[in-house]
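Heads up: the structure comes next, in structure tokens.
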Amino acid sequence: AGNFIWCDICQNCQAFKIKSKPYLCSPEEDVCIFERTRTIYDGSDKVTTTRRCGKLNECGRGGSIRSHTKTILINTTCCHRNKCQAPFPSLPSISNDVNGVICPACFYPSADHCLDYSDLPCTGNEKRCVHYTKTEWQDMYLSAETLHGCTTDEICKSGSGLIKSDGNVNFKTMKIDISCTE
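Using the UniProt record's numbering, read the sequence shown as starting at 1 and increasing by one per residue.
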């Protein structure tokens with residue numbers, strides 16, 4: 001029999017005014033995660049916060065995923081006890097300092113692959129090229145997006161994952177596929 005952990009879960013929760021409810025995580029999920037994501041795309045700059053169940057390899061996943069048109073900044077903190085409160089994650093900053101790494105880049109907001117690419121100079125700690133695909137299922141709705149571009153080592157180390165959010169009226173499942181090259 002596996003060990004189970006209870007985590008407070010919520011989507012788009014505020015840092016200190018958290019309306020969350022305890023949720024029994026699945027056996028393969030061994031930590032409670034507090035995740036903050038900043039997405040910059042098409043004139044929008046949006047920050048989301050999520051508390052959820054997760055896996056140990058997702059802890060400390062602070063970094064960026066970037067194409068010419070979309071930037072995703074992410075950081076996760078974790079705790080390992082029932083209903084524990086992981087610390088508030090700070091988001092990484094955006095660097096404009098080109099570092100010499102060049103990656104093929106594209107972003108398609110409603111596809112699972114790219115049709116064409118252009119070179120993207122990486123900046124700051126972005127030392128790896130990434131292929132990132134996100135697929136979301138909610139109710140009867142399916143959406144996908146794909147991005148090729150620059151990323152940080154921390155994003156590559158955390159790898160792909162399947163994230164299920166429960167506890168709300170709208171059950172959502174999100175699959176993230178990440179593959180990196182040197």
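Quick reminder that beta carbons are idealized off the backbone N, C-alpha and C, glycines included.
For residue 116, the secondary structure class from DSSP, reduced to helix, strand or coil, is coil.
The three-state reading of DSSP puts residue 175 in strand, counting E and B together. Distance from residue 108 to residue 145 at the Cβ level is roughly 7 Å; contact confirmed, criterion being Cβ atoms closer than 8 Å. Between the alpha carbons of residue 106 and residue 97 lies a gap of roughly 20 Å. Minimum Cα-Cα distance from residue 153 among the listed residues 104, 85, 110, 122 corresponds to 122.
Close CB contacts of residue 175 within its chain, under the 6 Å cut and outside five residues either way in sequence, are with 135, 162 (chain order). Secondary structure note for residue 134: its beta strand (DSSP E) is the uninterrupted segment 128-138. As summarised for the UniProt domain "UPAR/Ly6" (7-87), the continuous beta strand (DSSP E) elements at least 3 residues long and confined to that stretch are 21-24, 31-41, 44-54, 63-66, 70-79, given in chain order. Taking C-beta atoms under 8 Å as the contact rule, residue 36 and residue 47 qualify, at a distance of about 7 Å.
Annotation for residue 143: the continuous beta strand (DSSP E) segment containing it runs 141-151. In the three-state reduction of the DSSP assignment, residue 5 falls in the coil class, being assigned neither a helical nor a strand state.
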